[in-house]
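Quick notes on the structure that follows.
There are 2 protein chains.
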Amino acid sequence: MDDKIPENADQVVDQASERDEDDFQPRRELLARIHFAIEAEDGATLNALLDPMHAADIADIIENMDSADRRVFLRLYAGEIDGEILSEIDEGIREEVLEQLPREVLAEAVREMDSDDVVDLIEDLDESDRAEILAALDDSDRAAVQQSLAYPEYSAGRLMQSEVVTAPEHWTVGETIDFLRNEEWLPEQFYHIILVDPRRHPIGYVTLGRLLASRRDAPLRDLSEDSFRTISAYAEEGDVAYAFNQYHLISAPVVDGDDRLVGVITIDDAMSVLDEEHEEDILRLAGVGEDSAITDTVVETLRQRLPWLMVNLATAIAASLVIAVFETTIQQVVALAVLMPIVASMGGNAGTQTLTVAVRALATKSLTGSNVWRVVRREAIVGLLNGLAFALVMGVVAYIWFDGVSLAAVIGIAMVVNLGIAALAGILIPLGLEKVGADPALASGTFVTTVTDVVGFFAFLGLASAVLL
Amino acid sequence: MDDKIPENADQVVDQASERDEDDFQPRRELLARIHFAIEAEDGATLNALLDPMHAADIADIIENMDSADRRVFLRLYAGEIDGEILSEIDEGIREEVLEQLPREVLAEAVREMDSDDVVDLIEDLDESDRAEILAALDDSDRAAVQQSLAYPEYSAGRLMQSEVVTAPEHWTVGETIDFLRNEEWLPEQFYHIILVDPRRHPIGYVTLGRLLASRRDAPLRDLSEDSFRTISAYAEEGDVAYAFNQYHLISAPVVDGDDRLVGVITIDDAMSVLDEEHEEDILRLAGVGEDSAITDTVVETLRQRLPWLMVNLATAIAASLVIAVFETTIQQVVALAVLMPIVASMGGNAGTQTLTVAVRALATKSLTGSNVWRVVRREAIVGLLNGLAFALVMGVVAYIWFDGVSLAAVIGIAMVVNLGIAALAGILIPLGLEKVGADPALASGTFVTTVTDVVGFFAFLGLASAVLL
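The listed protein sequences correspond, in order, to chains S and X.
Here the UniProt record's numbering is used: the first residue of the first sequence is 1, the next is one more, and so on.
Here the UniProt record's numbering is used: the first residue of the second sequence is 1, the next is one more, and so on.
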């Protein structure tokens with residue numbers, strides 16, 4: 001089997017058989033050899049090692065080097081860097097790579113790229129770098145890229161490629177095949193023939209499979225798919241990805257404000273967006289800057305993480321102010337200081353569980369008007385039952401530990417209150433943020449843990465000072 | 001534009017223009033009308049409302065009903081439930097729906113489905129339900145489904161469809177097109193013609209676009225794509241999704257242990273897997289059962305969340321034991337009880353930031369042997385710098401609040417120690433779990449916060465009792 005599979009497919013095949021530390025072994029050996037070739041400034045060996053590899057894997061290797069190695073690497077390997085590799089390179093180090101590439105290599109590489117990849121490459125560059133790359137393109141490609149850049153960031157217009165295969169609606173299968181055979185230029189990958197009317201409004205599409213399986217005299221119009229739908233160039237890329245996933249689209253025509261065909265989005269682009277959006281959601285939930293990457297420097301990392309830690313500090317101080325109110329109580333019953341973090345921690349965790357489920361359900365549009373109250377009710381019941389369960393457990397633990405029935409009762413009641421509130425905060429805060437147009441993934445966590453800390457400390461210490469003193 | 005777009009595509013188009021609370025308005029109205037039709041047991045209206053909708057949207061609506069509505073709905077609408085709707089229905093309520101469908105509807109629906117969708121539908125059913133559905137299939141479909149079920153759960157073999165379009169390697173374009181035109185049965189969607197040798201070993205593939213653009217006498221062999229790679233039927237589905245995403249595959253042939261073609265996986269299946277894996281990662285990071293869904297009942301929800309809260313309770317008690325050691329210290333300087341949660345909370349948050357980035361990097365295979373020490377070093381430096389920054393801030397806050405220089409010094413030092421440890425725990429614990437074959441997303445959070453709680457309390461209270469008493 002190995003002789004048929006390109007070298008870099010090894011992880012799919014290897015990891016299937018057994019998932020252990022040897023997984024990366026072949027990879028690691030290869031990486032070591034690449035590293036040695038760079039150290040020795042041995043371009044020939046480098047070429048030989050990378051030649052069988054997929055552009056995406058070469059890009060990964062470039063990303064994982066340190067900057068010093070990368071500099072040498074780019075010098076040795078520049079001639080081989082093509083559009084495919086370039087479009088795979090992570091945003092984090094893209095500017096660094098572009099700067100170090102000889103101008104003619106860069107110009108050659110961008111000329112090979114599809115318009116959507118060029119847009120992706122240059123949209124974050126500064127004006128002069130952008131102009132330089134645009135200048136390297138053919139007139140028609142440049143026009144396509146500029147048209148795309150005219151749409152808002154993160155819109156379907158930025159995501160689409162302008163290379164589209166269309167046919168007039170009145171053509172037959174035979175005419176279409178003859179046209180395709182004679183056409184000099186066709187996109188690398190395409191999955192549909194888009195039917196357009198004379199004013200370039202898309203009115204249907206035919207899958208290539210359907211085209212191939214039909215008789216030459218069949219009219220295209222009769223082969224058009226039910227699944228046909230157009231996407232506005234102004235649609236948000238996240239919504240585009242959702243539509244592809246929800247409706248199992250493979251490609252979809254993009255139209256401008258006048259409903260004219262301006263490009264096409266293919267599923268691999270939608271898949272990348274889905275991947276990025278998920279990534280961002282996870283990072284946001286953890287209070288990490290959404291652009292953070294493993295290639296970031298210390299300064300970039302600090303810039304992403306400090307603000308959220310600062311917010312957390314503020315909320316932690318707020319919770320401490322609650323504790324400060326009960327200083328005398330704690331001084332008299334020091335067991336309270338020992339037990340109070342347990343109440344807060346349980347609330348924080350229960351709240352995080354609920355909010356994560358809620359944030360995901362909102363992101364996947366499965367929490368809607370029709371089921372929201374049912375879900376809120378479920379969370380409230382679950383919160384109370386969790387609270388009762390852990391009230392019992394902690395009551396027993398506190399009784400055994402500190403030999404006090406009242407203390408056990410106090411922590412039990414505080415646990416019920418805090419886990420109940422945690423559940424409500426966990427569902428209502430994301431819903432509220434969504435309602436006011438904020439991103440629930442970004443801010444919910446801080447709000448929810450603030451609520452559970454404050455309520456946890458207040459319920460526990462407040463009850464204690466009422467009951468125990 | 002609206003007249004051309006199916007009703008259910010509204011979210012892509014609407015949400016693009018403005019993201020506000022009106023987004024779901026058209027949807028909500030429709031849902032209300034569906035609800036009324038169910039209440040009134042008005043099957044005709046229900047049919048009329050759902051007729052223009054995509055199967056995926058109908059499935060969503062079924063998922064979002066409460067069980068009572070769903071029961072009535074299924075009675076009224078059973079005749080319209082087809083294979084497409086059935087394959088879109090979420091696992092969480094699938095069994096409930098299957099049970100309520102008339103047997104002949106179910107049999108008819110599964111006969112329409114692709115083999116991979118049937119496998120997905122029945123793999124979690126019990127033996128007798130499974131047998132019933134298998135019995136409804138044609139012999140050849142049943143054989144395909146059983147072959148698929150023979151592969152391990154979550155393997156490529158389960159994910160593939162057995163419907164494959166192949167051609168002998170020696171065929172020309174013309175022969176292939178003639179074959180396709182005469183073939184009675186072709187899959188709904190296919191993107192490649194897979195070239196096989198006489199023993200059914202796949203040796204290349206030709207995209208349909210390439211086929212359409214080539215002359216009739218061109219040999220298929222000359223049109224085969226470089227990107228060709230096979231996937232082992234035993235490969236894990238997560239690795240398959242990774243390969244599709246990494247190498248921009250559209251479809252890939254699946255081979256058995258003898259390298260013979262047994263099926264094909266298409267990108268939409270890979271996209272669903274990617275989506276599910278992300279979902280699971282997010283839920284695992286939050287300590288929520290990975291199978292949790294918004295349709296779960298109270299009991300299912302409790303079953304998923306209680307175990308993790310139990311683990312959290314154990315670690316919270318462990319942290320409290322550390323506090324208990326310093327009871328006398330706290331009694332003498334009660335300000336310590338007020339400030340100690342701040343140290344622990346900052347450590348927990350900083351640790352969670354680091355671990356989330358690490359877990360994601362491991363999941364996307366971007367944290368590898370070649371950059372691991374660089375990343376660990378970066379995290380350690382970031383942790384120390386964060387620690388110094390917040391030591392300064394909290395030192396000043398503590399000094400102003402409690403008017404004590406020593407107390408300010410103690411909390412500052414504790415902050416540096418805890419944020420430094422948090423960073424190391426945040427990166428080393430996921431790496432360690434990955435090394436021993438555990439899922440870093442599942443367990444890292446608990447370990448990391450335990451470390452930061454224990455270290456935070458110990459550093460702060462230990463230093464305090466040494467310095468302040």
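Note that the Cβ used here is the ideal one computed from N, Cα and C, for glycine as well.
On a predicted model such as this, the values are computed, not experimentally measured, just so you know.
If you run the structure through DSSP and keep just helix, strand and coil, what is residue i?
| i | result |
| --- | --- |
| L469/X | coil |
| S444/S | helix |
| L30/X | helix |
| T176/X | helix |
| Q189/X | coil |
| S128/S | helix |
| S155/S | strand |
| E21/S | Per-residue confidence for E21/S stands at a pLDDT of 35, beneath the threshold of 50, marking its modelled position as unreliable; the derived number appears in the next sentence. The answer is helix: DSSP assigns E21/S an H, G or I state. |
Under a CB-based cut-off of 8 Å, is residue i close to chain X?
| i | result |
| --- | --- |
| Y77/S | no |
| Y191/S | yes |
| P341/S | yes |
| V264/S | no |
| M271/S | yes |
| H54/S | yes |
| D256/S | no |
| M346/S | yes |
| N386/S | yes |
| T166/S | no |
| G209/S | yes |
| L159/S | no |
| A177/S | Note on residue identity: the sequence assigns Ile, not Ala, to residue 177/S. Judged by the 8 Å Cβ criterion, I177/S is in contact with chain X. |
| E183/S | yes |
Chain X partners of residue i, CB-CB under 9 Å?
| i | result |
| --- | --- |
| D268/S | F244, N245, H248, L249, I250 and I267 |
| S366/S | D60, E63, N64, D90, A293, I294 and T295 |
| V397/S | L313 and I317 |
Output, in chain order, the set of chain S residues within a Cβ distance shorter than 7 Å of residue i.
| i | result |
| --- | --- |
| R378/X | V298 and T301 |
| A389/X | L306 |
Chain S beta carbons: is any one of them nearer than 8 Å to that of residue i?
| i | result |
| --- | --- |
| E63/X | yes |
| R360/X | yes |
| V206/X | no |
| E21/X | Unreliable placement is indicated for E21/X, whose pLDDT of 35 sits below 50; no coordinate value is reported for it. |
Between which two residues does the alpha helix (DSSP H) carrying residue i extend?
| i | result |
| --- | --- |
| G83/S | G83 to E88 |
| A47/X | According to the sequence as given, residue 47/X is Asn; it is not Ala. Where N47/X is concerned, the enclosing alpha helix (DSSP H) stretches over G43 to L50. |
| Q100/S | E91 to Q100 |
| D69/S | S67 to Y77 |
| A414/S | V405 to K435 |
| E63/S | A55 to N64 |
May I ask which residues mark the beginning and end of the beta strand (DSSP E) holding residue i?
| i | result |
| --- | --- |
| L195/X | H192 to V196 |
| P168/S | T166 to P168 |
At 7 Å on the CB atoms, spell out the chain X contacts of residue i, in chain order.
| i | result |
| --- | --- |
| D275/S | N245 and L274 |
At 8 Å on the CB atoms, spell out the chain X contacts of residue i, in chain order.
| i | result |
| --- | --- |
| I323/S | A337, V338 and P341 |
| N349/S | G287, W308, L309 and N312 |
| residue 470/S | Lying outside 1 to 469, the shown extent of chain S, residue 470/S is not represented and no answer is given. |
| L331/S | Note on identity: in this sequence residue 331/S is Gln, with Leu being the wrong assignment. Near Q331/S (Cβ distances below 8 Å), the residues of chain X are Q331 and V334. |
Can you pull the chain S residues whose beta carbon is under 9 Å from the beta carbon of residue i, in chain order?
| i | result |
| --- | --- |
| D281/X | H278 and I282 |
Distance cutoff 8 Å, beta carbons only. Does residue i sit that close to anything in chain B?
| i | result |
| --- | --- |
| E327/S | Absent from the structure is chain B; the protein chains it does hold are S and X. |
Taking Cβ-Cβ distances shorter than 8 Å, what residues in chain S pair up with residue i?
| i | result |
| --- | --- |
| I381/X | V298 |
Complete alpha helix (DSSP H) runs within the stretch 289-356 of chain S (minimum length 4 residues, chain order): 298-325 and 327-332
4 or more residues per run - each alpha helix (DSSP H) lying fully within the stretch 199-269 of chain S: Segments of the alpha helix (DSSP H) lying fully in the stretch 199-269 of chain S: 208-213 and 237-247.
Please give me, in chain order, every unbroken run of the beta strand (DSSP E) with length at least 3 that falls completely inside the stretch 361-391 of chain X. none
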